[in-house]
Amino acid sequence: MKKGFTLIELLVVIAIIGVLSTIIISSIGNISDRAKIAKTVAEIRQMETDIILYNLDTNTYPHCVFPFCNSTNDPFINSNGVPGWNGPYGNIPLHLRSHAWGGAFTVYRSDFDGDGDLDVALDFNDDAPGTSFGDNTGGIPLSLLHKFDDILDDGVELQGRFRHYSSEGFYIIIEAE
Ligand SMILES: [Ca+2]
Ligand SMILES: [Ca+2]
Ligand SMILES: [Ca+2]
């Protein structure tokens, strides 16, 4: 009488379990990514609203560079001497904001396209708020960044109002002023 499993049978069972768990894990991953993208799109829209309110008051844009942005220079909660400032802007100070993957989500200004006008960057950092460049615990997979462009702009990363800049994890709003 046959007792237990043969080695072949065990290997087949292990292989089947492996395939099933891969399928389950990847489908959970997709659901999780979709939820995170939806959450981050909402955060981007809120950030845009706060930036617009800041601009209406000051006629300029907030500038807050990770990791040097803190409670004493955060432009959403400090006037920093900017004329017309009438904050605070939004419910969460800029230096404490994070995107759904856990990294800091801030805004700063630079002339990315070199035309002499400052552009506004939405900075999706891979470092959590309050940490430094080496944290790296909260990065958005670069393969997912274009999803924001699909939803908020023209779906093309190198053109339009939103542009993915370089290989880094941030988007810019070109020609904001
Ligand atoms: Ca520019
Ligand atoms: Ca980092
Ligand atoms: Ca675009």
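Residue 164 in the working numbering sits at position 155 of the sequence shown, and the numbers go up by one each step.
Glycine included, C-beta positions come from ideal geometry on N, C-alpha and C.
Residue i Cβ short of 7 Å to ligand 3 heavy atom set
| i | result |
| --- | --- |
| Val-50 | no |
| Val-165 | yes |
| Asp-128 | no |
| Asp-59 | no |
Residue closest to residue i, alpha-carbon to alpha-carbon, out of the options
| i | options | result |
| --- | --- | --- |
| Phe-77 | Tyr-174, Leu-154 and Thr-115 | Thr-115 |
| Tyr-180 | Gly-143, Tyr-117, Pro-138 and Asn-79 | Tyr-117 |
| Gly-99 | Asp-83, Gly-93, Gly-112 and Trp-110 | Asp-83 |
| Ala-137 | Phe-75, Ile-25 and Ile-46 | Phe-75 |
| Ser-41 | Ile-32, Trp-110 and Asn-87 | Trp-110 |
Where the beta strand (DSSP E) containing residue i begins and where it ends
| i | result |
| --- | --- |
| Ser-119 | 114-119 |
| Leu-131 | 128-133 |
| His-155 | Taken as a continuous stretch (DSSP letters only), His-155 belongs to no beta strand (DSSP E), being part of the alpha helix (DSSP H) at 151-161. |
| Tyr-180 | 179-182 |
| His-173 | 171-173 |
Contact belief for residue i with residue j at Cβ below 8 Å, rounded distance in angstroms
| i | j | result |
| --- | --- | --- |
| Asn-79 | His-104 | 5 Å |
| Val-50 | Phe-157 | 6 Å |
| Tyr-70 | Val-129 | 5 Å |
Residue i Cβ short of 7 Å to ligand 1 heavy atom set
| i | result |
| --- | --- |
| Phe-179 | no |
| Phe-121 | yes |
Proximity test, residue i beta-carbon vs ligand 2 heavy atom, cut-off 7 Å
| i | result |
| --- | --- |
| Asn-188 | Residue 188 is absent from the structure shown; the chain starts at 10 and stops at 186. |
| Phe-142 | yes |
| Asp-132 | no |
| Asp-135 | yes |
heavy atom of ligand 5 below 7 Å from residue i C-beta
| i | result |
| --- | --- |
| Gly-169 | By its list of ligands, the structure shown excludes ligand 5, since it contains just ligand 1, ligand 2 and ligand 3. |
Within-8 Å CB hit, residue i to chain D
| i | result |
| --- | --- |
| Asp-124 | Looking for chain D here will not work: only one protein chain is present. |
Item to complete: Please specify which runs of the alpha helix (DSSP H), each continuous and at least 4 residues long, are wholly inside the region 12-71, giving them in chain order.
Response: 16-67
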